[in-house]
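Last residue of the sequence shown: 719 in our numbering, with the numbers rising by one and none dropped.
Inspection log for the structure reproduced underneath, given as structure tokens.
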Amino acid sequence: AISDLSLNDDILQSERITHSIKLIEPNNPFQAVQEACELMNQGILALVSSTGCATANALQSLTDAMHIPHLFIQRNGDGTPRAECQLNPSPDGERYTLAARPPVHLNDVMITLVSELRWHKFIVFYDSEYDVRGLRGFLDQASRMGLDMSLQQVDRNVTKVFSTLFSTMRMEELNRYRDTLRRAILLLSPRTAQVFIHQAVETNLASKDSHWVYANEEVSDTEIMELVHSALGRMTVIRQIFPLWRDTNIRCMRNNHRISSLLCDPQEGYLQSLEVSSLYLYDSVLMLANAFYRKLEDRKWHSMASLNCMRKSTKPWNGGWSMLDTIQKGRISGLTGLMDFRSNGANSHVQFEILGTSYSETFGKDVKRLATWDSDRGLNGSLRENRAEHGMQGITLKVVTLLEEPFVMVAENILGQPKRYKGFSIDVLDALAKILGFKYEMYQVADGKYGSPQANGSWNGLIGELMGKRADVAISAITITPDRENVVDFSKRYLDYSVGILMTKTEERLNIFSLLAPFDLAVWACIAAAIPVVGVMVFLLRRIQSVCSQNPPGPHQPASVTTSFQSAIWIVYGAFVQQGGESFMSSMALRIAMGSWWLFTLIVCSSYTANLAAYLTVSRMDNAVQTFQDLSKQTELSYGTVRDSAVFEYFRVKGTNPLEQDSTFAELWRTINKNQGQDNSVTSPAEGIRKVSDTVLFDHLKARVVAAENSALPSQE
């Protein structure tokens, strides 16, 4: 800027500007104040700084105290979108700091874009270095508009973000999260955004029907192309632009020779290689030169004074307010366009361009300007997607399908009439036909397959019909996979089933002898033998007691005691089943014998109760297969899935991957693919259901409408 001013006498005639440049560390306000005090001690007319917000606040306090005009250009060194700097209010209301870089208008542009695109639900990803307080205005406006918006921070380790998602979310949650990612705003640095998009595509969380908006004031053409090529779906980019300042030949001619300077011949390539803050630095110098010249012209020049920041008795510069007023009343046209400070001490002139991709033959490759936005007129252009409303009148589409209840079923047909179909997916197709005005002819795919790649590079099934242009639209319960998405376009998912195991219901067989199962037969035999043995012992002890007793019965004793063998057995059996019985044990021997028997029966009954509960529980779980691990470990049940389906391909990839540490999928794949899948796998889910009486069938259904990439219905949802 100083060099160009010396070559061009449009602003300064014979005057020259001296300058001093100080480099400071990022986020070091103390060093910045020290360097500024050293400059003020030497004598300066104005201070220009390109720093972060914390340093700017420190310099503002210093320049307000010393009455030195301060032109501040906000700088973000890491490429993260900037948030608005909140400068400190001046004590006496006289602020000497002017914001050369316009306020952050990304919030205004984003809310305009969201309204224009008619988004109702979306997610905002922001960099860990981004000051999320900068989204306050955007959040307030989105809330008033009733938009469903969520925020998520992206750490520098982007790979860790996605690995955490897959380790903490179930399949159903990941599918819902995938739907949320269809509409997203990225407030990231260009490098982080590129890694984020790449990871989303690699993990199959991004889809072709997604639309992402990348907002950053400073992003180059090269970085935009890298983002667009990495993205899978539609990409829109918001960035700041600078209409080039155009000079007349007279201003840049000296001695019949054109002056070669950035001011007279702005080179677009060179300007794009400069940071935005550097462009504003250039124009700030031009603004100061313009103010200095007008001060000299009006003969109101104030000489510079040496100011000592460390002395309390130092008086501020008496020419500071006059110089500040002259700067605020000036206006120049520089590399960033028009610059002035007539709006609350800030340069308010800013312009953005909105670039985007569209669905075309070279999808994701073409980038063009869709609209512009400036601080005076707002949006100039339209961002709404062109949708076919009634542009398909009279068109007849060929629709291929695969029968799958309850999505597509054969209806009752009239003899001689074309085959009719019904089902949930047919209702969706009829609704589309009514809205768009087309007719359709439907037929079933000949090989009865959904579609998988063949060795020669072709596809079979529904996908093959679309690839061969034999059908315009395919409708069935088909799973979206990355391989299929590479060759056809899918509509938005409207139903999702998780992977399940279908097996016959276990029949409960009643066995009258199941109560004997808790104990082994030998245990029951020993218990049966123990009862008479103990009975004989009790009988003998009572007989001995009656013989040895010589005293007549007392008033509190029974008159007679039964001493037969049958009564002894009855007493022992009653004690075993814990029901008691008649007993008279006056001798110590009988009491010891019966006490030991009671302890024995207590232990036996407790053990029987515990074993019976465990037996009944285990018997119900013997035939329960709940996980893939359970299925791979057992050998009694055979199992399979639908051949050439998404689940079949899933087990093939997992089972044949040499890097897979878990051997479960290898064992599952050996059984599923036994005899090339002819023994256990089936050709359709209906056949699998019929076969399930003696096999187990995997089934993973996702209902979809699928259209060929260049068919008559490429992007309807």
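All residues carry an ideal CB built from backbone N, CA and C; glycine is no exception.
#1: Does Pro105 come out as helix, strand or coil in the three-state DSSP assignment?
#2: Can you give the Cα-Cα distance for Asn349 and Val401, rounded to whole angstroms?
#3: Tell me Ala217's beta-bridge partners as DSSP assigns them.
#4: From the DSSP output, read off the bridge partner residues of Asn346.
#5: Ser212 to Arg185, Cα distance in whole Å?
#6: Can you give me the C-alpha to C-alpha distance between Val475 and Leu468, rounded to a whole angstrom?
#7: Using the Cβ count rule (16 or more neighbours within 10 Å means buried), how would you classify Thr194?
#8: Cα-Cα, which of Gly502, Ser665 and Ser608 is closest to Gln631?
#9: When the Cα of Arg180 is compared with those of Gly576, Leu189 and Ala208, which residue comes out closest?
#10: Compute the Euclidean distance between the alpha carbons of Met325 and Leu115, then round it to the nearest angstrom.
#11: Per DSSP, what kind of secondary structure is Phe492 in: helix, strand or coil?
#12: Which value, in whole angstroms, describes the spacing of the CA atoms of Leu434 and Ser280?
#13: Which value, in whole angstroms, describes the spacing of the CA atoms of Phe164 and Thr637?
#14: Report the residue from Ala473, His107, Gly380 and Thr359 whose alpha carbon sits nearest the alpha carbon of Arg371.
#15: If you check the beta carbons only, do Ala570 and Phe541 fall under 7 angstroms apart?
#16: From this set, Thr611, Asp646, Ala615 and Thr673, which residue's C-alpha is nearest Leu639's C-alpha?
#17: Measure how close the beta-carbons of Ile46 and Ile70 come, nearest whole angstrom, since I'm counting them as under 8 angstroms.
#18: Are there 16 or more other CB atoms within 10 angstroms of the CB of Gln196, so buried, or fewer, so exposed?
#19: Please state if the CB of Met444 and the CB of Tyr423 are separated by a distance shorter than 7 angstroms.
#20: For the stretch 415-473, which segments carrying the beta strand (DSSP E) assignment without a break, of at least 3 residues, lie completely within its bounds, in sequence order?
#21: Taking three-plus beta-carbon pairs below 8 angstroms as touching, is the stretch 95-107 in contact with the stretch 116-128?
#22: Where Lys451 and Val655 are concerned, what is the direct C-alpha to C-alpha distance, given to the nearest angstrom?
#23: Check each candidate in Val410, Gly439 and Leu438 and name the one with the smallest Cα separation from Leu428.
#24: Just to confirm, is the Cβ distance from Ala38 to Val287 under 7 angstroms?
#25: Return helix, strand or coil for Asp80, following the three-state DSSP convention.
#26: Alpha carbon to alpha carbon, how far is Lys314 from Leu357?
#27: Span of the beta strand (DSSP E) holding Gln154?
#28: In whole angstroms, give me the CA-to-CA distance for Cys55 and Ser454.
#29: For Ser191, which residues in the same chain have their Cβ closer than 7 angstroms to its Cβ, ignoring the five residues on either side in sequence?
#30: Given that a residue counts as buried once 16 or more other Cβ atoms are within 10 Å of its Cβ, and exposed if not, what is His107?
#31: Which residues mark the beginning and the end of the alpha helix (DSSP H) in which Ala524 is found?
#32: Report whether the distance from the Cβ of Leu497 to the nearest heavy atom of the ligand FMN is below 6 angstroms.
#33: Exposed or buried, Phe515, counting other C-beta atoms within 10 Å across all chains shown (16 or more means buried)?
#34: Between the Cα of Ser606 and those of Lys676, Gly537 and Phe521, spot the shortest distance and give me the residue it belongs to.
#35: What separation, rounded to the nearest whole angstrom, lies between the Cα atoms of Ala48 and Asn292?
According to the structure data:
#1: In the sequence shown, residue 105 corresponds to position 103, counting from 1. In the structure shown, Pro105 sits in coil (DSSP, three-state: anything other than H, G, I, E or B).
#2: Reading the sequence shown from its first residue, position 347 is the one you call residue 349. Reading the sequence shown from its first residue, position 399 is the one you call residue 401. When rounded, the distance between both Cα atoms is 59 angstroms.
#3: Your numbering for residue 217 matches position 215 in the sequence shown. Answer is Ile240.
#4: Working through the sequence shown from its first residue, we reach residue 346 at position 344. None; Asn346 has no bridge partner.
#5: Residue 212 sits at position 210 when you count from the first residue of the sequence shown. Residue 185 sits at position 183 when you count from the first residue of the sequence shown. Cα to Cα, the separation comes out at about 6 angstroms.
#6: Residue mapping note: residue 475 aligns to position 473 of the sequence shown, counting from 1. Residue mapping note: residue 468 aligns to position 466 of the sequence shown, counting from 1. Going by the C-alpha atoms only, they are around 7 angstroms apart.
#7: Walking along the sequence shown from the start, residue 194 turns up at place 192. Buried: at least 16 other Cβ atoms inside 10 Å.
#8: The residue you call residue 631 lines up with position 629 of the sequence shown. Per the Cα distances, Ser665.
#9: Numbered from its first residue, the sequence shown carries residue 180 at position 178. The shortest Cα separation from Arg180 among Gly576, Leu189 and Ala208 belongs to Ala208.
#10: The residue labelled residue 325 in the question sits at position 323 within the sequence shown. The residue labelled residue 115 in the question sits at position 113 within the sequence shown. If you take the alpha carbons of Met325 and Leu115, they lie about 41 angstroms apart.
#11: Counting from one through the sequence shown, the residue named residue 492 turns up at place 490. Three-state DSSP puts Phe492 in a strand.
#12: In the sequence shown, residue 434 corresponds to position 432, counting from 1. In the sequence shown, residue 280 corresponds to position 278, counting from 1. So the two alpha carbons sit approximately 54 angstroms from each other.
#13: In the sequence shown, the residue the question calls residue 164 occupies position 162. In the sequence shown, the residue the question calls residue 637 occupies position 635. Their backbone Cα atoms lie some 37 angstroms apart in a straight line.
#14: Translated into positions along the sequence shown, residue 371 becomes position 369. Checking every option, the nearest Cα to that of Arg371 belongs to Thr359.
#15: Working through the sequence shown from its first residue, we reach residue 570 at position 568. Working through the sequence shown from its first residue, we reach residue 541 at position 539. Cβ distance < 7 angstroms, so Ala570 and Phe541 count as in contact.
#16: Counted from its first residue, the sequence shown places residue 639 at position 637. Answer by Cα proximity: Thr673.
#17: On the sequence shown, residue 46 is found 44 positions in, with the first residue counted as 1. On the sequence shown, residue 70 is found 68 positions in, with the first residue counted as 1. Correct: roughly 7 angstroms between the Cβ atoms.
#18: As a first step, residue 196 must be located in the sequence shown, where it is residue number 194. Flag for Gln196 reads buried.
#19: The residue given as residue 423 occupies position 421 in the sequence shown. The residue given as residue 444 occupies position 442 in the sequence shown. Cβ distance < 7 angstroms, so Tyr423 and Met444 count as in contact.
#20: 441-446
#21: no
#22: Position 449 of the sequence shown holds residue 451. Position 653 of the sequence shown holds residue 655. Rounded to the nearest angstrom, the two C-alpha atoms are 19 angstroms apart.
#23: Numbered from its first residue, the sequence shown carries residue 428 at position 426. The question names Leu, but residue 428 in the sequence shown is Ile. The residue with the shortest Cα to Cα distance from Ile428 is Val410.
#24: As a first step, residue 38 must be located in the sequence shown, where it is residue number 36. As a first step, residue 287 must be located in the sequence shown, where it is residue number 285. The answer is no: Cβ separation not under 7 angstroms.
#25: Walking along the sequence shown from the start, residue 80 turns up at place 78. Looking at Asp80 - three-state DSSP - the assignment turns out to be coil, as it is neither helix nor strand.
#26: Position 312 of the sequence shown holds residue 314. Position 355 of the sequence shown holds residue 357. Going by the C-alpha atoms only, they are around 54 angstroms apart.
#27: As a position in the sequence shown, residue 154 is number 152, starting the count at 1. First-last of the beta strand (DSSP E) with Gln154: Asp150 to Val156.
#28: Taking the sequence shown and counting its residues from 1, the one referred to as residue 55 is at position 53. Taking the sequence shown and counting its residues from 1, the one referred to as residue 454 is at position 452. Near 56 angstroms, if we compare the C-alpha coordinates of Ser454 and Cys55.
#29: To locate residue 191, count along the sequence shown from 1; it is residue 189. Closer than 7 angstroms at Cβ, skipping near neighbours: Asp80, Gly81, Thr82 and Asp129.
#30: The sequence position of residue 107 within the sequence shown is 105, counting from 1. Label assigned to His107: buried.
#31: For this step, residue 524 is matched to residue 522 along the sequence shown. Its alpha helix (DSSP H) spans residues Leu523 to Cys550.
#32: Only the bare structure without any ligand can be found here, which leaves the ligand FMN out of the picture.
#33: Within the sequence shown, the letter at position 513 stands for residue 515. Classification for Phe515: exposed.
#34: The residue you call residue 606 lines up with position 604 of the sequence shown. Ser is not the amino acid found at residue 606; the sequence shown has Val there. Nearest C-alpha to Val606: Phe521.
#35: Position 46 of the sequence shown, counting from 1, holds the residue named residue 48. Position 290 of the sequence shown, counting from 1, holds the residue named residue 292. Going by the C-alpha atoms only, they are around 13 angstroms apart.
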